[in-house]
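As you go down the protein sequences, you meet chains A and B in turn.
The opening position of the first sequence corresponds to residue 6 in the working numbering, with each subsequent residue numbered one higher.
The opening position of the second sequence corresponds to residue 1397 in the working numbering, with each subsequent residue numbered one higher.
We put the beta carbon where it would ideally sit given N, CA and C, even for glycine.
Read through the structure below, which is laid out as structure tokens, and then see the notes.
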Amino acid sequence: DTGVSQDPRHKITKRGQNVTFRCDPISEHNRLYWYRQTLGQGPEFLTYFQNEAQLEKSRLLSDRFSAERPKGSFSTLEIQRTEQGDSAMYLCASSLGRGPQPQHFGDGTRLSIL
Amino acid sequence: AQTVTQSQPEMSVQEAETVTLSCTYDTSESDYYLFWYKQPPSRQMILVIRQEAYKQQNATENRFSVNFQKAAKSFSLKISDSQLGDAAMYFCAYRSGGLIQGAQKLVFGQGTRLTINP
Chain A
6 DTGVSQDPRH
16 KITKRGQNVT
26 FRCDPISEHN
36 RLYWYRQTLG
46 QGPEFLTYFQ
56 NEAQLEKSRL
66 LSDRFSAERP
76 KGSFSTLEIQ
86 RTEQGDSAMY
96 LCASSLGRGP
106 QPQHFGDGTR
116 LSIL
Chain B
1397 AQTVTQSQPE
1407 MSVQEAETVT
1417 LSCTYDTSES
1427 DYYLFWYKQP
1437 PSRQMILVIR
1447 QEAYKQQNAT
1457 ENRFSVNFQK
1467 AAKSFSLKIS
1477 DSQLGDAAMY
1487 FCAYRSGGLI
1497 QGAQKLVFGQ
1507 GTRLTINP
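What follows is the structure in structure tokens.
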């Protein structure tokens, strides 16, 4: 169990640029989640996958955001035409099955928009 | 929609003493799960303890225990014999137990920053 891995740890970009983050879940976990956390707040749900199917998207996920999980393994989160308000920590989590199985989180990707 | 409220933005405790962090939630569901997560500075979020709503017995994990009051929709975390390594942000989280859309996401509170004084 190597844990949930996220890359990069930090991303600094200019407003208007596109960015892509990657998440590698724990290998046997079939569920993968993306959350966004702003400074001093709790994480907010963005989207979740069961295997390769994206089953839910939050209203927070505007048209500029897209997430994929090809082949049900790693996932990518892309933000197009970044805005100042996109600055946040983007957290990925994974879990196994349903029921009380907890979600295991990665270290996150901190995005800073100049 | 479910909401989670943590009314204590910051708490502090002397090393080796006991501290209780508060959490209340609002839901119309009867089947759900509650969690406490710990997030040390610049480090990943770690599960501390979880509680199934259908269980009357309060969960315990070593020095960590909860006081689950289902009727009052309260879920407090007690940390006994506090240690310096317990310093972190603590988040209370709710997850639906149903199979409806949205049942898998965690709904987090705003967090409580816990400081341990040596």
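At a cut-off of 8 Å between beta carbons, B/Tyr1429 contacts chain A. For B/Gly1505 against A/Gly47, the beta-carbon gap comes to about 5 Å, under 8 Å, which counts as contact. Taking every protein chain shown into account, the CB of A/Asp91 has 16 or more other CB atoms within 10 angstroms, so this residue is buried. For A/Gly111, the number of other beta carbons within 10 angstroms of its own is at least 16, and it is reported as buried.
The C-alpha of B/Leu1473 is placed about 32 Å away from the C-alpha of A/Leu60. As DSSP reads the structure, A/Arg14 sits in no beta bridge. Between the beta-carbon of A/His109 and that of A/Ile31 there is about 6 Å, and that keeps the pair under the 8 Å contact cut. A contact between stretches requires three or more CB pairs, one per stretch, nearer than 8 Å, and the segment 1398-1412 of chain B fails this requirement with the segment 57-76 of chain A. Per DSSP, reduced to three states, the secondary structure at A/Lys62 is strand. Excluding sequence positions up to five before and after B/Arg1491, its CB lies within less than 6 Å of the CB of Tyr1429 and Leu1502, all in the same chain and listed in chain order. Pairing A/Arg20 with A/Gln89 gives a Cβ-Cβ distance under 8 Å. Only residues of its own chain outside the window of five on either side were considered, and among them Ile1445, Gln1447 and Val1462 have a CB closer than 6 Å to the CB of B/Ala1455, listed in chain order.
Per DSSP, the unbroken beta strand (DSSP E) holding A/Cys28 starts and ends at Val24 to Asp29. Contacts with chain B (Cβ-Cβ distance below 8 Å) from the segment 34-50 of chain A involve Arg36, Tyr38, Tyr40, Gly45, Gln46, Gly47, Pro48, Glu49 and Phe50, listed in chain order. Close to B/Glu1457, with beta-carbon spacing below 7 Å, lies no residue of chain A; the smallest spacing is near 12 Å. Rounded to the nearest whole angstrom, the CA to CA distance from B/Ser1478 to B/Val1415 is 8 Å. The distance from the Cβ of A/Arg36 to that of A/Gln11 is about 16 Å, inconsistent with a contact at the 8 Å cut-off. Separation of the CB atoms of B/Pro1405 and B/Thr1508 is rounded to 7 Å, and the pair is thereby assigned contact status at 8 Å. Contacts between A/Phe110 and chain B, judged by CB atoms closer than 7 Å, involve Gln1440 and Met1441 in chain order. In this structure, the CA atom of A/Phe79 is about 21 Å from the CA atom of A/Ala93. DSSP places B/Asp1427 outside both helix and strand once states are collapsed to three, so it counts as coil. Within 8 Å of the CB of A/Pro107, the CB atoms of chain B belong to Phe1431, Leu1443 and Arg1446, in sequence order along the chain.
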